[in-house]
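Read through the structure below, which is laid out as structure tokens, and then see the notes.
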Amino acid sequence: MSLHDQDDPALRAAQEERLRAVWKPPQGLFLRWTDTNNNRVGVWYVLTAFGFMLFAGVLALIMRTQLAVPDNELVSANSFNQLFTLHGSMMMFLFAVPMFEAVSIILLPQLLGARDLPFPRLSAFGYWSFLIGGVFVSGSIFFNAAPDGGWFMYPPLTTRTDLSGLGADIWMLGLSFIEVSSVAAAVELIVGVLKCRPPGMRLNLMPLYAWYILVVAVMILFAFPPLIAGDILFEMERLLDWSFFDANRGGDPLLWQHLFWIFGHPEVYIIFLPSIALFAMLVPTFANRHLLGYPWIVLAAVGTAFLSFGLWVHHMFTTGLPKISLAFFSAASEAVAIPTGVQIFVFIATLWAGRVTWSTPLLYATGSLAIFVIGGLTGVMVAVAPFDWQAHDSYFIVAHLHYVLIGGTLMPLFAGLYYYWPLITGKKLSDRLGRVAFWMLFAGANLTFFPMHLSGLMGMPRRVFTYPAELGLGGLNLLSTAGAYLFAAGVAVICVDLCLSPRRSKAQRNPWNAGTLEWLAHPDDEDWGIRSVPLIESRYPIWDQPDFVRKVDEGRFFLPDAEEGRRETIVTTALDARPLAVIRLGTPSVKPMLTAIALGGVFIFTTYHLYWAALVCGVATLACTLWWLWTGTAEIPEKPCKPVGHGIELPLYLSGPAAPGWWAMFITMMADATAFSGLVFGYFFFWTRHADFPPADMANGPGMMWPMIALIAGLVGWLATIAARNIHARGGVARARVLLACGIVLSIAGAGAGLAGPWMSGLDPQVHSYPAIVWTLAIWTSAHAGVAAIMQSYALARSLAGKMDPHHDADLRNVSVYMHFYALTAIVTYATIGLFPEVA
Amino acid sequence: MTERGKWHERLRVTLWTLIVPPAIWAGHFLMAYLWTAISCAKAGTFATFPTLFVVGTLVALGLISLSGWVAWKQTRRPGDSAPHQDSTDIDRLRFLAKSTLLLAGLSFVGVLFTALPVVFLRNCL
Chain A
1 MSLHDQDDPA LRAAQEERLR AVWKPPQGLF LRWTDTNNNR VGVWYVLTAF GFMLFAGVLA
61 LIMRTQLAVP DNELVSANSF NQLFTLHGSM MMFLFAVPMF EAVSIILLPQ LLGARDLPFP
121 RLSAFGYWSF LIGGVFVSGS IFFNAAPDGG WFMYPPLTTR TDLSGLGADI WMLGLSFIEV
181 SSVAAAVELI VGVLKCRPPG MRLNLMPLYA WYILVVAVMI LFAFPPLIAG DILFEMERLL
241 DWSFFDANRG GDPLLWQHLF WIFGHPEVYI IFLPSIALFA MLVPTFANRH LLGYPWIVLA
301 AVGTAFLSFG LWVHHMFTTG LPKISLAFFS AASEAVAIPT GVQIFVFIAT LWAGRVTWST
361 PLLYATGSLA IFVIGGLTGV MVAVAPFDWQ AHDSYFIVAH LHYVLIGGTL MPLFAGLYYY
421 WPLITGKKLS DRLGRVAFWM LFAGANLTFF PMHLSGLMGM PRRVFTYPAE LGLGGLNLLS
481 TAGAYLFAAG VAVICVDLCL SPRRSKAQRN PWNAGTLEWL AHPDDEDWGI RSVPLIESRY
541 PIWDQPDFVR KVDEGRFFLP DAEEGRRETI VTTALDARPL AVIRLGTPSV KPMLTAIALG
601 GVFIFTTYHL YWAALVCGVA TLACTLWWLW TGTAEIPEKP CKPVGHGIEL PLYLSGPAAP
661 GWWAMFITMM ADATAFSGLV FGYFFFWTRH ADFPPADMAN GPGMMWPMIA LIAGLVGWLA
721 TIAARNIHAR GGVARARVLL ACGIVLSIAG AGAGLAGPWM SGLDPQVHSY PAIVWTLAIW
781 TSAHAGVAAI MQSYALARSL AGKMDPHHDA DLRNVSVYMH FYALTAIVTY ATIGLFPEVA
Chain B
1 MTERGKWHER LRVTLWTLIV PPAIWAGHFL MAYLWTAISC AKAGTFATFP TLFVVGTLVA
61 LGLISLSGWV AWKQTRRPGD SAPHQDSTDI DRLRFLAKST LLLAGLSFVG VLFTALPVVF
121 LRNCL
């Protein structure tokens with residue numbers, strides 16, 4: 001195909017017809033929900049998260065009503081506990097994090113000129129997991145069974161089953177399920193940003209939104225898994241009475257606080273950065289110029305991401321840790337103000353240097369920055385440990401965190417809503433209603449939360465359901481309550497604006513006259529994403545590249561057709577976006593939904609101690625996953641290459657480090673290794689807590705023999721798999737199959753030997769934290785050995801079924817990535833439980 | 001630019017080199033945290049002259065400075081015209097180098113911040 005072929009309107013119409021057919025959404029009452037296209041899944045995701053936000057907001061209003069006057073009796077103490085726990089948990093886990101994932105699923109393919117993200121079915125799986133888990137957790141309040149231990153669920157209040165009911169299990173298991181969907185989204189977004197950029201979009205031309213999303217998705221990989229590790233310990237204690245947090249049996253409640261806040265503090269930046277990322281898109285548009293200081297934004301995003309992992313102890317300043325430790329975290333907490341400040345100055349400088357169009361989205365953006373800066377300043381105050389000792393657990397903290405989150409997450413999202421609504425629906429929202437709502441929100445937020453600084457300093461503690469009139473806090477609380485209603489009314493105005501939208505007429509294309517790729521979207525949107533994948537030469541191609549929109553529309557760039565009737569997008573290199581291959585994308589399917597339902601069953605049945613049903617669901621989850629992988633991934637294409645236009649031919653199959661699937665495995669395993677390191681941290685944390693660890697009466701621990709046998713089996717199984725990969729690539733298919741079969745046997749042997757250590761030495765995990773953590777590490781590693789056996793069997797089966805050959809060996813290469821991590825896990829576990837007692 | 005170039009010009013610049021300075025900050029921070037946590041818990045006392053900490057801090061500052069210096073050299077690599085925001089090898093290199101340089105500055109300050117408390121606090125209470 002030459003460039004001039006596209007001059008023929010008939011050819012273009014035929015191409016469009018083919019693309020339209022390929023990307024046609026599934027029809028029908030049920031089948032429409034099996035869609036995987038990012039423009040639909042993303043919208044469901046956004047609407048669901050928005051719904052949860054409104055729900056959690058209503059919970060907050062009930063709380064504010066209860067606190068309006070002293071000695072109020074609207075709700076009981078018990079209900080109040082459920083209200084504040086669910087409000088915090090929902091806003092964090094069911095609104096802020098999923099909302100960023102949802103917005104990214106919609107925007108990222110558009111920003112990157114891709115037809116879709118690399119794993120559309122994974123996005124759908126993430127959405128269904130989120131919906132099921134979210135309804136399960138939030139619905140619990142209607143049965144008076146909502147979690148009531150605060151959004152951080154501190155033990156021992158929450159681990160002792162006589163002090164807390166089912167709510168704690170619902171929180172742990174329901175939200176663990178949602179954490180799984182967040183890790184899935186992180187995989188999707190990282191691979192999307194690194195591998196699915198259009199040709200020419202090198203790292204230095206990437207839209208800043210994509211930079212932020214890359215950084216945040218990587219943060220998720222290191223932040224969420226410690227919480228998953230904590231969840232595992234927590235549920236082992238609640239369901240099986242193993243001792244991790246019970247001080248009477250060698251446990252320590254502080255371990256939970258560490259694991260929770262290693263997640264919990266980066267979490268704040270995980271929801272702040274993607275929201276501020278929206279500013280990086282809308283500020284240049286309304287300043288009518290390129291953003292100043294592009295590398296400074298990258299500095300801010302990457303710097304914040306790193307520093308945010310050195311802040312967690314500032315939530316634990318009052319727990320009695322050594323002062324010197326507090327000082328390290330205090331220092332890091334002050335340092336994080338630097339990159340945060342940098343990005344705010346970059347935005348201000350850009351506005352200053354440009355010709356500003358005062359639009360509604362920009363109004364929200366500037367207003368939220370003002371609110372955020374106040375929250376940031378009180379943050380600098382509470383980062384000073386002695387000040388925090390005074391303010392800790394008072395309403396001062398409530399004020400601080402709401403200023404940060406409203407200014408840093410909620411209002412920027414409203415800015416994004418007004419900015420991107422025309423992109424999604426083709427229609428603008430009302431400027432008038434938007435501005436009215438803005439001033440209500442702005443005034444409401446300040447009226448609600450500013451008085452809380454004062455009531456906090458006057459001694460009002462957090463999480464109390466009422467307060468006596470003698471404290472003299474009635475007036476400030478009444479102000480806060482009035483502000484909360486004003487704020488809620490502002491949100492209601494926005495909802496009215498959204499509801500009126502269907503009655504409005506379509507706006508013109510690119511209504512804000514923006515320069516970035518996502519605004520190629522047409523008001524009468526097609527489902528194919530982008531007509532042709534462009535060659536990028538500028539950060540603002542619509543502004544800078546001549547005739548850009550017309551060339552994209554006329555299919556004059558790459559991949560303007562779908563000759564083989566397949567959904568496709570281009571994969572490029574991570575640094576320089578050189579085209580590597582065309583990949584075939586997942587089509588609408590019921591498999592992601594079924595997998596999510598089965599996995600949901602595992603968590604929900606476990607909550608109610610219905611272990612057999614949970615086991616059945618676990619087997620169903622495995623079956624669904626294998627079915628999904630077997631039928632939908634690493635397909636051998638009907639021809640090796642295809643032309644994508646301009647005389648370029650690209651392969652249709654990739655394996656190894658160039659392939660998105662390999663990256664997905666690598667990234668998933670990074671998260672897995674992080675969760676594992678959380679458990680190992682637990683072991684050594686207990687060691688620092690006890691003078692003798694292991695305790696004298698179990699000094700031998702699991703012994704040395706079984707752990708060493710398990711280690712050797714694991715390492716030889718790993719070597720066998722690597723050898724199988726190398727020999728297979730050179731054509732030795734039969735020998736590779738034998739090696740894989742040996743690998744399966746070794747993995748199973750490793751699993752057995754790993755459990756035999758603590759079993760044969762009679763370690764009882766209910767007695768003390770030592771046997772409990774040894775058992776946990778052994779089970780974790782043996783489970784990984786079991787998964788290794790399943791993966792090796794899968795690769796063997798693919799080979800036997802003719803779905804894998806020496807030129808198409810993605811399955812085997814992905815399994816060997818897993819095996820590297822498995823070997824690492826085995827080394828660390830067995831060295832820790834088998835050898836460490838010898839030297840400790 | 002000569003054909004072979006100096007050693008720092010031959011270094012491959014990637015996303016991994018970008019995160020070298022903050023990773024050094026993270027390593028130093030972790031060292032500081034673990035060192036005090038373990039010595040306070042196990043020995044019960046905090047070293048009066050913490051040699052290990054001082055050496056670790058100097059090594060971290062040195063490595064960050066080195067990576068910043070390499071990045072600074074790379075940002076001055078000639079080729080292409082300003083404003084250096086095109087889709088070319090040299091502009092991508094200059095961008096990554098500049099970002100690395102900025103991160104080195106932040107990480108340097110971060111390490112100094114972390115080191116400061118040891119100057120003032122000398123016990124585990």
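Residue numbers (full-length UniProt numbering), protein chains in the order written: chain A, 1 to 840; chain B, 1 to 125.
Quick reminder that beta carbons are idealized off the backbone N, C-alpha and C, glycines included.
Query: Which of the three DSSP states, helix, strand or coil, is assigned to residue 827 (chain A)?; Result: helix
Query: Determine whether the Cβ of residue 354 (chain A) lies closer than 7 Å to any Cβ atom of chain B.; Result: no
Query: Is residue 239 (chain A) helix, strand or coil by DSSP?; Result: helix
Query: Report the option in A:562, A:207, A:627 whose CA atom is closest to the CA atom of residue 538 (chain A).; Result: A:207
Query: Looking at residue 798 (chain A): is its Cβ nearer than 7 Å to the Cβ of residue 811 (chain A)?; Result: yes
Query: Between the segment 513-533 of chain A and the segment 68-80 of chain A, can you find at least three pairs of beta-carbon atoms closer than 8 Å?; Result: no
Query: Between the segment 74-88 of chain B and chain A, which residues of the former have a C-beta closer than 9 Å to a C-beta of the latter?; Result: 83, 84, 85, 86, 87, 88
Query: Distance cutoff 7 Å, beta carbons only. Does residue 36 (chain B) sit that close to anything in chain A?; Result: yes
Query: Count the other C-beta atoms from every protein chain shown that fall within 10 angstroms of the C-beta of residue 646 (chain A), then say buried if there are 16 or more, exposed otherwise.; Result: exposed
Query: Are the CB atoms of residue 113 (chain A) and residue 198 (chain A) nearer to each other than 7 Å?; Result: yes
Query: Taking its Cβ as the centre, do 16 or more other Cβ atoms sit within 10 Å of residue 20 (chain B), making it buried, or is it exposed?; Result: buried
Query: Could you have a look at residue 64 (chain B) and say whether DSSP puts it in helix, strand or coil?; Result: helix
Query: Along the chain, where does the beta strand (DSSP E) that runs through residue 584 (chain A) open and close?; Result: 579-584
Query: Please name the residue or residues paired with residue 65 (chain A) in a DSSP beta bridge.; Result: DSSP, once it has assigned bridges, lists no residue as partnering residue 65 (chain A).
Query: Please report the distance separating the alpha-carbon of residue 214 (chain A) from that of residue 312 (chain A).; Result: 22 Å
Query: I want to verify the contact list: residues of chain B whose CB lies under 7 Å from the CB of residue 132 (chain A), in sequence order.; Result: Here the premise fails: no neighbours, minimum Cβ distance about 35 Å.
Query: Would you mind sorting residue 106 (chain A) into buried or exposed? The rule is 16 or more other CB atoms within 10 Å of its CB.; Result: buried
Query: Pull up the distance between the alpha-carbon of residue 58 (chain A) and that of residue 485 (chain A), whole angstroms please.; Result: 10 Å
Query: Of the choices A:109, A:329, A:134, A:165, whose alpha-carbon is the least far from that of residue 30 (chain B)?; Result: A:329
Query: With a CB to CB cut of under 8 Å and the five nearest residues on each side skipped, what residues in its chain are close to residue 739 (chain A)?; Result: 720, 721, 723, 724, 727
Query: Can you tell which of A:403, A:364, A:362 has its C-alpha closest to the C-alpha of residue 372 (chain A)?; Result: A:403
Query: Using the Cβ count rule (16 or more neighbours within 10 Å means buried), how would you classify residue 252 (chain A)?; Result: buried
Query: Measuring alpha carbon to alpha carbon, tell me which residue in B:39, B:13, B:106, B:26 is nearest residue 691 (chain A).; Result: B:39
Query: If we require 3 or more residues per run, which beta strand (DSSP E) segments fall completely within the segment 445-501 of chain A?; Result: none
Query: Name the chain A residues whose beta carbon is nearer than 7 Å to that of residue 90 (chain B)?; Result: None at all; the shortest Cβ gap to chain A is about 10 Å.
Query: Does any CB atom of chain B fall closer than 7 Å to the CB of residue 387 (chain A)?; Result: no
Query: Is there at least one Cβ from chain A nearer than 7 Å to residue 50 (chain B)'s Cβ?; Result: no
Query: Residue ranges of each alpha helix (DSSP H) run of no fewer than 4 residues wholly in the segment 376-427 of chain A, ordered along the chain?; Result: 385-391, 395-405, 411-425
Query: Anything in chain A within Cβ reach of residue 62 (chain B), meaning under 7 Å, just list it in chain order.; Result: Those do not exist, as residue 62 (chain B) stays about 19 Å from chain A at its closest Cβ, beyond 7 Å.
Query: Considering only the alpha carbon of each residue, which of A:138, A:192, A:189 lies closest to residue 168 (chain A)?; Result: A:138
Query: Quick check on this structure: which residue in A:288, A:88, A:681 has the alpha carbon closest to the alpha carbon of residue 34 (chain B)?; Result: A:681
Query: Looking at C-alpha atoms only, which residue of A:225, A:81, A:227 is the closest neighbour of residue 157 (chain A)?; Result: A:81
Query: Closer than 7 Å by beta-carbon distance: list the chain A residues that pair up with residue 25 (chain B), in chain order.; Result: 306
Query: What does residue 103 (chain B) touch in chain A if you count any residue whose Cβ is under 8 Å from its own?; Result: 299, 302, 303
Query: Closer than 8 Å by C-beta to residue 471 (chain A): which residues in its own chain qualify, once you throw out the five before and the five after it? Chain order, please.; Result: 70, 458, 459, 460
Query: Which same chain residues, not among the five before or five after residue 191 (chain A), have their C-beta less than 6 Å away from its C-beta?; Result: 118, 660, 663, 664
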